Amino acid sequence: MASLKERATARLAELRRRRPSVDHAVRMQQHYGAVKAGQQAGAVTYFGFLSFFPILALAVFVVGYVSWVYPAANNNLRDAIESVLPGLIGDQKGQISLANIRTFSGWAGLVGVLGVLYSGLGWVSALRDALTVVFELPAKQQPGFVRGKARDLLTLAAIGLVLLVTVAVAGFARGFSGNLLNWLGLGTQLGWVVGLVTVVLGLAANTLLFFLMFKLLAEPPTPSRSLWRGALLGAVLFEVLKQASQYLLASTKGQPAFQAFGIALILLVWINYFSRVVLYAAAFAHTTPEARAQRVADPAEPVQGPPSPPVTVDHVPQESTMAAPGRTWVGPFAAGSVTALGLVAALRKKDS
């Protein structure tokens, strides 16, 4: 009689055969564990925590200058940070105050921000390494220090710019939808439409954000359709995580650990969960049927090692020169053999 584990395994195998979505989910989890993505998320969390305040200071500094031309930039920055870290920005106790970080102003602030930029870009490098592992990409030759930091800075700037633009567009669309419904006199009956528009735009913005992280950081050869599917899953999980974070903040503020470590504890937990969501989304994209079919059709080329040193072939001596050393022992051996045969013949003749 089959054991409980064997019956469960057989049922799961049958379910995977009948349900491709279940098979995909199982493959995603198996790949996530095979590449040790949980440990990669821990490394990203470490560098993300060290990079959070330098990146936040840099964002406040840049937006402070942009707000001279675009006054709504400060509000968009607050909304963008709130969309990524809900409940952590504010003026209440246990929250991060942007007013304190805004002390990085003027050229002195620029020097200070550039001084912490080295540690601030560690998160980008750590996330790139983690995505490279999940997408099973061969190790690439890393650029020099200055070029590598410039690349990470441009990547971070692109992600931040997309985040700010999507937040601004979402805010405009949300306000426009509300004003349009009020103008039509349907604000009370169709108020849920504004909420639906907000959720849809939030999912679209997060999907674009995840897709850009995949393309800019890892640059995988995975089909774009698979990357978009993984990005959509990441966006959905991210929205669920943001909703759950509200209960997390409410439940931890009264705990002794929060009193001892403050916002740092919540920030660590949040960055770790966010890192896991990113890597799960990458594993989902990597295990789609299209991505697996592409890897079967286009097997990876063998990894090229360092070039071998040139082989030098010594001059092969001619046959005549090779036989020359042999004359030192062939001659005496033949003479000795003839002498021995002659001696044996003489002895036989004497005996006869």
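Mind the numbering: the sequence shown is residues 28 to 379 in our numbering, read in order. Glycine included, C-beta positions come from ideal geometry on N, C-alpha and C. None of the values given here were measured: they were computed from a predicted structure.
- For T36, the enclosing alpha helix (DSSP H) starts and ends at L31 to R45.
- Within its own chain, no residue has a Cβ closer than 6 Å to the Cβ of G229 once the five positions on either side in sequence are excluded.
- For E246, there is no enclosing alpha helix (DSSP H), as DSSP marks it with neither H nor E.
- With a threshold of 16 other beta carbon atoms within 10 Å, L148 meets it and is buried.
- The beta carbons of N233 and A262 sit closer together than 7 Å.
- Where P316 is concerned, the enclosing alpha helix (DSSP H) starts and stops at P316 to A324.
- Short of 8 Å from the beta carbon of S152, and not among the five residues preceding or following it, lie these beta carbons of its own chain, in chain order: F74, G175 and D179.
- In this structure, the straight-line span from the alpha carbon of P247 to that of E163 is close to 9 Å.
- In the displayed model, G175 falls within a helix according to three-state DSSP.
- The C-beta of Q67 has 16 or more other C-beta atoms within 10 Å across all chains shown, which makes the residue buried.
- Exclusion of the five residues before and after A231 leaves no residue of its chain whose Cβ lies closer than 6 Å to its Cβ.
- L306 places its beta carbon 7 Å or farther from that of A245.
- The three-state reading of DSSP puts E163 in coil, since its state is none of H, G, I, E or B.
- Here DSSP, grouped into helix, strand and coil, assigns V227 to helix.
- When Cβ pairs closer than 8 Å are counted between the two stretches, the stretch 55-66 is seen to touch the stretch 305-325, the count reaching three or more.
- Boundaries of the alpha helix (DSSP H) around F301: I290 to H313.
- The beta carbon of A309 sits closer than 7 Å to the beta carbons of L158, V161, F162, F241 and G257 from its chain, once the five residues preceding and following it are set aside; these are given in chain order.
- The alpha-carbon separation between F265 and F301 amounts to approximately 7 Å.
- Distances from the CA of L295 to each of L183, A40, F80 and R44 were compared; the closest alpha carbon is that of F80.
- Shown here for L239: same chain residues with a beta carbon closer than 8 Å to its own, the five before and five after excluded, namely A185, I186 and V189 in chain order.
- One alpha carbon belongs to V220, the other to R34, and they sit about 47 Å apart.
- In this structure, the straight-line span from the alpha carbon of S48 to that of R319 is close to 14 Å.
- Residues of the same chain with a CB within less than 6 Å of the CB of T193, apart from the 5 flanking positions on each side, are A232 in chain order.
- H51 and K167 have their alpha carbons spaced roughly 29 Å apart.
- Buried is the label assigned to Y59, since at least 16 other Cβ atoms lie within 10 Å of its Cβ.
- Non-local beta-carbon contacts of V304 in its own chain, meaning distances under 8 Å to residues more than five positions away in sequence, involve G261, L264, F265 and L268 in chain order.
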